[in-house]
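Residue numbers (the numbering used here), protein chains in the order written: chain A, 6 to 413; chain B, 196 to 438.
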């Protein structure tokens with residue numbers, strides 16, 4: 006089965022991609038309605054115009070996030086579609102990863118014949134586990150999607166890549182994009198947890214649950230307090246970022262990541278320079294002596310709160326449910342208090358999140374082979390049904406309605 | 196609902212820097228609105244909500260931006276998130292808004308009513324959300340706009356119509372300030388038709404105002420630039436009171 010992460014802490018690390026040189030003039034094109042260009046980095050994007058095309062759920066495609074990655078890891082190109090009135094759509098580009106993990110296609114589709122071991126052109130923000138194609142709404146949307154995908158394929162050919170892949174797309178969005186390109190196929194490969202934030206916040210959420218689940222969650226919240234934790238909500242000031250970087254590095258070290266404290270400090274510094282850190286909130290567990298035992302860093306975008314980083318000091322006993330309190334229960338309260346409607350909880354620890362009420366939504370890869378060789382439709386269908394059945398089996402009462410788009 | 200403006204947010208925002216808007220329309224409208232302290236205001240057909248932002252910055256207590264274009268509203272929402280002004284932005288003017296506002300501003304809204312019924316419906320929507328005695332300031336196509344399409348080219352516009360002053364006739368609006376070249380479809384309504392629609396909707400006074408060029412505008416663009424426009428403005432400014 007493809008790598009569906011169902012345990013472990015959130016990982017949000019990034020790895021610098023090799024810089025890619027594209028001759029924009031060679032791939033650029035102009036026609037009466039839509040012009041395609043490749044920008045050398047996100048810094049060339051108009052913030053408001055680009056972000057207006059980015060869905061609330063697609064935060065990691067916003068200009069501030071892309072610019073922070075450029076700042077920390079070096080520039081990455083952005084494909085943009087423009088009309089006579091301004092920006093119409095586009096997609097960030099990167100190279101994926103050559104090692105096994107969340108961004109390594111050979112791990113995804115072992116039951117579908119394809120050139121998965123070759124080099125691909127990836128669409129989306131680097132190491133994002135939720136990607137959509139920023140596109141203008143309304144009557145031009147379909148045509149713009151078609152042009153963006155066609156241009157991405159041409160860039161892939163130019164770079165001698167076997168295909169374009171846009172992974173971690175919400176299934177409905179992947180199918181919409183595939184409808185705009187007859188050679189594209191959609192392959193399920195992951196899932197993400199989403200918790201609606203009711204207007205009444207955490208109490209309203211708990212009240213809507215079955216008694217057993219409510220009692221368990223209240224016990225977890227009580228344990229958090231009983232262990233001497235106090236929750237503090239704060240903007241990510243330089244001092245908070247310093248503390249958070251240390252805690253996040255501790256958690257990553259526990260999960261064998263080599264990206265340490267200095268790495269996270271650099272990431273936060275870049276986010277501050279790009280401005281995206283202004284949208285962040287840190288929820289910290291603070292002990293009586295003022296020390297932070299754990300922190301969760303999330304980002305507001307539109308009406309969604311994106312939970313991104315968790316860090317913990319494991320010198321404190323880890324029996325206080327701090328992960329769930331900081332990354333799950335309290336973000337719901339924070340979101341509801343600010344008129345946000347959903348908490349996006351990413352792709353990790355799905356089992357634990359589903360048991361605490363999260364909806365499990367399907368994520369798929371949109372694949373466009375550069376030579377237009379069709380991928381075996383039967384194998385694709387078989388793969389998708391098998392994947393959907395697996396998820397239904399894992400989370401029988403928590404799967405979202407979108408799974409029915411392939412479950413049949 | 197799809198709108199011909201969904202893909203024009205960036206352009207619309209940038210028109211604020213075009214001379215005829217920057218030095219004439221915008222200062223005229225804002226001067227006319229006066230002190231907004233404590234006012235509840237609706238920007239009807241707000242587009243990217245540029246006027247909504249300015250009205251909030253000028254002290255309005257609560258500003259709602261309404262538009263049917265999701266593309267325009269998406270821009271407005273992102274910008275408001277970034278600037279933290281706290282606008283309320285909506286694509287539906289529900290009955291919850293009835294009699295809630297002291298002022299409605301509707302810039303370039305009436306030209307997009309395609310029939311007399313639509314024109315009446317829009318005027319009534321503007322009236323129903325105003326408290327009694329509330330004020331509407333709206334900018335239709337000027338009833339006496341110059342029929343030669345090239346007349347407004349120095350201002351970044353062309354108004355193209357087969358029958359320029361026919362009630363309900365289609366007017367193609369070209370936004371042609373380089374590098375832009377975009378066409379949108381609008382409709383001409385005569386002064387008499389507009390006046391009747393507004394009064395029927397419940398506005399007891401309907402006053403046609405004149406444009407004022409800012410001092411900076413005279414300096415930057417020169418007298419000849421403005422003389423031609425002021426002789427035959429492409430847009431009118433109508434100042435109404437709900438009875």
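Cβ coordinates follow ideal geometry from the N, Cα and C atoms, glycine included.
If you're wondering where the values come from, they're calculated on a predicted model, not measured in any experiment.
Comparing alpha-carbon positions, which option in the options lies nearest residue i?
| i | options | result |
| --- | --- | --- |
| residue 365 of chain B | B:385, B:350, B:269, B:373 | B:385 |
| residue 374 of chain B | B:413, B:331, B:210 | B:210 |
| residue 358 of chain B | B:392, B:342, B:412, B:258 | B:342 |
| residue 352 of chain A | A:83, A:59, A:57, A:134 | A:134 |
| residue 97 of chain A | A:406, A:131, A:109 | A:131 |
| residue 52 of chain A | A:113, A:206, A:279 | A:279 |
| residue 199 of chain B | B:378, B:406, B:389 | B:378 |
| residue 356 of chain A | A:99, A:395, A:209 | A:395 |
| residue 258 of chain B | B:237, B:241, B:272 | B:237 |
| residue 320 of chain B | B:326, B:288, B:350 | B:288 |
| residue 346 of chain A | A:219, A:241, A:75, A:210 | A:210 |
| residue 329 of chain A | A:141, A:42, A:80, A:300 | A:300 |
| residue 222 of chain B | B:381, B:420, B:417, B:410 | B:410 |
| residue 289 of chain A | A:248, A:231, A:261 | A:248 |
| residue 71 of chain A | A:281, A:377, A:85, A:244 | A:281 |
| residue 273 of chain B | A:283, A:302, A:55 | A:55 |
| residue 415 of chain B | B:212, B:201, B:208, B:197 | B:212 |
| residue 361 of chain A | A:218, A:327, A:286 | A:218 |
| residue 327 of chain B | B:197, B:406, B:435, B:206 | B:435 |
| residue 66 of chain A | A:41, A:99, A:87, A:91 | A:99 |
Kindly list the residues whose CB is nearer than 8 Å to the CB of residue i, restricted to its own chain and excluding five residues on each side of it in sequence; keep chain order.
| i | result |
| --- | --- |
| residue 231 of chain B | 250, 253, 254, 255, 298 |
| residue 255 of chain A | 316, 317, 318, 319 |
| residue 381 of chain A | 117, 118 |
| residue 278 of chain B | 248 |
Name the DSSP beta bridge partners of residue i, please?
| i | result |
| --- | --- |
| residue 459 of chain B | Residue 459 of chain B is absent from the structure shown; chain B starts at 196 and stops at 438. |
| residue 367 of chain A | A:196 |
| residue 295 of chain B | Beta-bridge pairing links residue 295 of chain B to no other residue. |
| residue 382 of chain B | B:365 |
| residue 284 of chain B | B:260 |
| residue 128 of chain A | A:98 |
| residue 370 of chain B | B:352, B:377 |
| residue 238 of chain A | A:288 |
| residue 430 of chain B | B:336 |
| residue 349 of chain A | A:199, A:311 |
| residue 403 of chain B | B:433 |
| residue 268 of chain B | Beta-bridge pairing links residue 268 of chain B to no other residue. |
| residue 374 of chain A | A:168 |
| residue 140 of chain A | A:94 |
By Cβ distance, which residues of its chain are closer than 6 Å to residue i, with the 5 residues on each side in sequence left out?
| i | result |
| --- | --- |
| residue 50 of chain A | 68 |
| residue 340 of chain A | 202, 310, 348 |
| residue 204 of chain B | 243, 266, 267, 270 |
| residue 430 of chain B | 334, 337 |
| residue 323 of chain A | none |
| residue 253 of chain A | 269, 314, 316 |
| residue 207 of chain A | 334, 337, 338 |
| residue 120 of chain A | 167 |
| residue 124 of chain A | 166 |
| residue 190 of chain A | 372, 380, 385 |
| residue 257 of chain A | 264 |
| residue 315 of chain B | 392 |
Give a yes or no on whether the minimum CB-CB distance between residue i and chain C is below 8 Å.
| i | result |
| --- | --- |
| residue 309 of chain B | Included in the structure are the protein chains A and B, with no chain C among them. |
Among the residues of its own chain, which have a CB less than 7 Å from the CB of residue i, if the five just before and after it don't count?
| i | result |
| --- | --- |
| residue 397 of chain B | 322, 437, 438 |
| residue 359 of chain A | 198, 365, 400, 403 |
| residue 317 of chain B | 304, 305, 308 |
| residue 6 of chain A | Residue placement at residue 6 of chain A is poorly supported in this model, since its pLDDT is 40, which falls under 50; the coordinates are not used for a value here. |
| residue 202 of chain B | 266 |
| residue 302 of chain A | 241, 249, 285, 287, 313, 314 |
| residue 146 of chain A | 140 |
Inset, instruction - Enumerate, from N- to C-terminal direction, the unbroken beta strand (DSSP E) stretches of 3 or more residues contained entirely within the region 155 to 227 of chain A. - result: Correct list: 168 to 175, 190 to 201.
Legend entry - Cβ pair count under 8 Å reaching 3, the region 264 to 279 of chain A against the region 223 to 240 of chain A: The region 264 to 279 of chain A and the region 223 to 240 of chain A do not touch, with fewer than 3 CB-CB distances between them shorter than 8 Å.
Inset, instruction - Specify whether the region 215 to 232 of chain B and the region 99 to 109 of chain A touch according to this definition: at least 3 beta carbon pairs, one from each stretch, less than 8 Å apart. - result: Touching, no, given that fewer than three Cβ pairs across the two stretches are closer than 8 Å.
Inset, instruction - Tell me the start and end of each unbroken alpha helix (DSSP H) in the region 274 to 346 of chain A that is at least 4 residues and wholly inside, in chain order. - result: Fully enclosed alpha helix (DSSP H) runs of 4 or longer: 335 to 342.
Legend entry - Inter-stretch contact (C-beta, 8 Å, three-pair minimum) for the region 190 to 199 of chain A and the region 364 to 378 of chain A: Yes: the two stretches touch, three or more of their Cβ pairs being nearer than 8 Å.
Legend entry - Whole runs of the beta strand (DSSP E) within the region 34 to 111 of chain A, excluding any shorter than 3 residues: As far as the region 34 to 111 of chain A is concerned, its whole beta strand (DSSP E) runs of at least 3 residues are 40 to 44, 83 to 88, 91 to 99.
Legend entry - Inside the region 296 to 341 of chain B only - alpha helix (DSSP H) runs reaching at least 4 residues: Positions of the alpha helix (DSSP H) runs, each at least 4 residues long and wholly inside the region 296 to 341 of chain B, are given as 311 to 323 in order along the chain.
Inset, instruction - Flag this pair as touching only if the region 324 to 337 of chain A and the region 175 to 188 of chain A have three or more C-beta atom pairs under 8 Å; answer yes or no. - result: These segments do not touch.
Inset, instruction - Examine the Cβ distances between the region 54 to 61 of chain A and the region 293 to 310 of chain A and report whether three or more of them are shorter than 8 Å. - result: By the Cβ criterion, the region 54 to 61 of chain A is in contact with the region 293 to 310 of chain A, since at least three pairs of Cβ atoms, one from each stretch, lie closer than 8 Å.
Inset, instruction - Please specify which runs of the beta strand (DSSP E), each continuous and at least 3 residues long, are wholly inside the region 216 to 240 of chain B, giving them in chain order. - result: As summarised for the region 216 to 240 of chain B, the continuous beta strand (DSSP E) elements at least 3 residues long and confined to that stretch are 235 to 239, given in chain order.
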